[in-house]
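Trainee:
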C-alpha cells in the first residue's frame, strides 16, 4: 500500500550547471536550510550515539537504510548534521526504521529495527562513542510481527530489563512483549504480550513518560491523521493503558502516516514531540507546559526551512510578484496550489510560503501548474493539469483568479497532465508543452495572438518520444544553440534530454547523464542563482 502512493514527496533540489562542461552539482540547501532531508515515510528516533550527553537522531525512511544525524550543538540547543555512516552494514530491507537501546546491558547502545524482513537485532560491537553494528541472526524467534514492524524499548514492569512495544503494519495492532529473559540476555515470546490497542493500519508507537508519573505511556502514530495517546494509569509494575484523546488535539491533523519521536530535545525537563510524515519533513512541537501537563507549540527553528508540499510536487518558477527575482509555485498531491515568495535575491533565494494568492484555485489530486501572461494584460495567468488529464485555465484579473472552462475544454490527455507555458515557435505568444500519464509529449501551438490565445494541438510534433509513465517536461535552451530543448522526468526517476535537430526531436543523454531523481521526478529549468546558465 505504501509503495502505491509514494510519489515525489520532496519539492526538489537545485542542480547547478556549468554549461561549458555540462557538469552538475546538487545543492539541496536552497530548499532546505535545516540540513535534515525530507525523506518519504521518515521515522525519527533519538539517542546519545556518540556518548557526549546530548540527543542524536536516527532517521529511518522507506527506501534507504537509517541515517545518523549527530547533534553538534548542546543538550539545550541541538544542531543536527549528518554524521558518520554508522549504519552502513544495515540493509534498507532490514531497517525501514529502528531504535537504539542497550538490550544486552553492556553499556553501549544496540540497534533494534523493523523492515521488510521483519524484526531484527544489531549488536553494538563498537564502543559508546563509536558504535558499530552487527546483525544477530534469529534473535526474535517465533514472534508474529509481519513485515515492517515498528519497535520501541523501555522497562514497563520495573524489573530492570527492557520490554518491547511493537506496532504492526498489517492491522495496526499495538502490543507489548514482556522481556522474560535477563538484563543481559533478552527473551520475547507471543505467550507474554499485552495488547494495547488497534489504531487501524501502520502503527508507529513510541514509549515516553508523558505525565511524569514514573511509568511508561505510549504515543502511537498511524496512517490516518493525528496520534493516539495511551496513558498508563497503572503503575511502574502493572500498567493500565487507556486512551487520552485530549493531549494531542490539533497536532498532525493535516498530515498522515505520522511517526512520533518523543524526547526532551531541548533539555528543559519536559518531553517534546518530533514527528515525521508520509511527505517526509520533520515537525517539532516544543512542550511549553509542565512535566505532568504538556502544552505544545510548534517550533520551526530546528527542522524548519524545508519546502515540502505534502506529496507530488510539480515546481514552476516565475516572477509572480514582479520584483525581479524568481518565485516558486507548485502543484501537490492533494490538488492545492502552493506559492513560495522569494524574499531573498536573484543570487540567493529565500522562500516564504503564502498560499492566499491561489486560494480560489481548487483542483482534484495531483495538480500541476504553469504560469504566463497569456492575455497580455500584465498579470500572470495559470493553467493547471491534474490526474484526470484535463487542463484548466484560470485568468488573472488583477484581483484574483477567474476559472474559464471553455478555453481549454478540448484538452484530454488521458491522465496526469503536466502543462508548461512557453513560446516554442518564437512568435511572441505562449504555446503549451505537456506530458501525460502514458509518457508522451504534446505540443499545443498558440495560433491566436499574445492577447487572445487559441491553442491547437500539433499532432506528432515530438515524434515518437515516449518516456514510459508520468512524463513531466521542462523547456529551455540548455545547450545554448538558440533553440529550445526539453528535459523530462518520469515515474521511475529517470531524467532525459531531447534536442530539436532540423525538426526532429532526438535524445542526447550526455548533458544529464549524471542526474537521477526519485519516483515521479518533475524537473524545472531555471537560472536560480543568476549566473547565466540554467539550473
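Residue numbers (my numbering): 247 to 781. Glycine included, each C-beta is placed from N, C-alpha and C at the ideal position.
Counting only the same chain and skipping the five closest in sequence on each side, list residues whose C-beta sits under 7 Å from that of residue 567.
Mentor: Excluding positions up to five away in sequence, the list reads 573 and 587.
Trainee: Tell me whether residue 267 sits in a helix, a strand or coil according to DSSP, three-state version.
Mentor: Bear in mind that the predicted position of residue 267 carries a pLDDT of just 44, short of 50, making it too unreliable to give a figure here.
Trainee: Where do the N-terminal and C-terminal ends of the beta strand (DSSP E) with residue 449 fall, by residue?
Mentor: Careful: residue 449 lies outside any beta strand (DSSP E) and carries neither H nor E.
Trainee: Going by DSSP in three states, residue 689 sits in which element: helix, strand or coil?
Mentor: strand
Trainee: Suppose you measure from the CA of residue 663 to the CA of residue 695; what does that come to, to the nearest Å?
Mentor: Using only the alpha carbons, I get a separation of about 24 Å.
Trainee: Would you check if the segment 447 to 461 and the segment 520 to 538 touch, i.e. whether three or more CB-CB distances between them fall below 8 Å?
Mentor: At 8 Å Cβ cutoff, the stretches touch.
Trainee: Mark residue 267 as exposed unless 16 or more other C-beta atoms lie within 10 angstroms of its C-beta, in which case mark it buried.
Mentor: Residue confidence for residue 267 is low, a pLDDT of 44 falling below 50, so the modelled location carries little weight and cannot support an answer.
Trainee: Considering only the alpha carbon of each residue, which of 723, 746 and 500 lies closest to residue 579?
Mentor: 500
Trainee: Classify residue 441 as helix, strand or coil using the three-state DSSP reduction.
Mentor: strand
Trainee: Contact defined as beta carbons within less than 8 Å: I believe residue 305 pairs with residue 315. What is the distance between those atoms, to the nearest angstrom?
Mentor: 6 Å
Trainee: Which residues does DSSP list as the beta-bridge partners of residue 361?
Mentor: 364
Trainee: Check residue 425 in the structure and name its three-state DSSP category.
Mentor: coil
Trainee: With a threshold of 16 other CB atoms inside 10 Å of the CB of residue 253, please say whether the residue is buried or exposed.
Mentor: Its pLDDT being 31, under 50, residue 253 is placed unreliably in this model, and the coordinates cannot settle the point.
Trainee: At least one CB of chain C closer than 8 Å to the CB of residue 405: is that the case?
Mentor: You won't find chain C in this structure, because it holds only one protein chain.
Trainee: I need the DSSP call for residue 734, collapsed to helix, strand or coil.
Mentor: strand
Trainee: Do residue 763 and residue 717 count as a contact pair if the criterion is CB distance below 8 Å?
Mentor: no
Trainee: Provide the residue span of the beta strand (DSSP E) that contains residue 513, from first to last.
Mentor: It is not in any beta strand (DSSP E) - residue 513 carries neither H nor E in the DSSP assignment.
Trainee: In the structure shown, what three-state DSSP assignment does residue 519 receive?
Mentor: strand
Trainee: Which residues in the same chain have their Cβ closer than 8 Å to the Cβ of residue 401, if we skip the five residues on either side of it in sequence?
Mentor: 407, 408, 409 and 462
Trainee: Hey, residue 666 and residue 598: beta-carbon distance below 8 Å or not?
Mentor: Their beta carbons are not under 8 Å apart, which means residue 666 does not touch residue 598 by this criterion.
Trainee: Using only CA atoms, which one of 634, 626 and 367 lies nearest to residue 612?
Mentor: Looking at the Cα atoms, 634 is the closest of the given residues.
Trainee: Can you tell me whether residue 756 is helix, strand or coil according to DSSP?
Mentor: helix
Trainee: Using a Cβ distance threshold of 8 Å, determine whether the segment 336 to 349 contacts the segment 360 to 374, with at least three qualifying pairs required.
Mentor: yes
Trainee: Just the Cα atoms here: how many angstroms apart are residue 593 and residue 528?
Mentor: 28 Å
Trainee: For residue 735, tell me which candidate among 558, 618, 498 and 639 has the shortest Cα-Cα distance.
Mentor: 558
Trainee: With a threshold of 8 Å, are at least 3 pairs of Cβ atoms found where one atom belongs to the segment 372 to 383 and the other to the segment 329 to 337?
Mentor: As far as the Cβ criterion goes, the segment 372 to 383 touches the segment 329 to 337, which means the pair count is three or higher.
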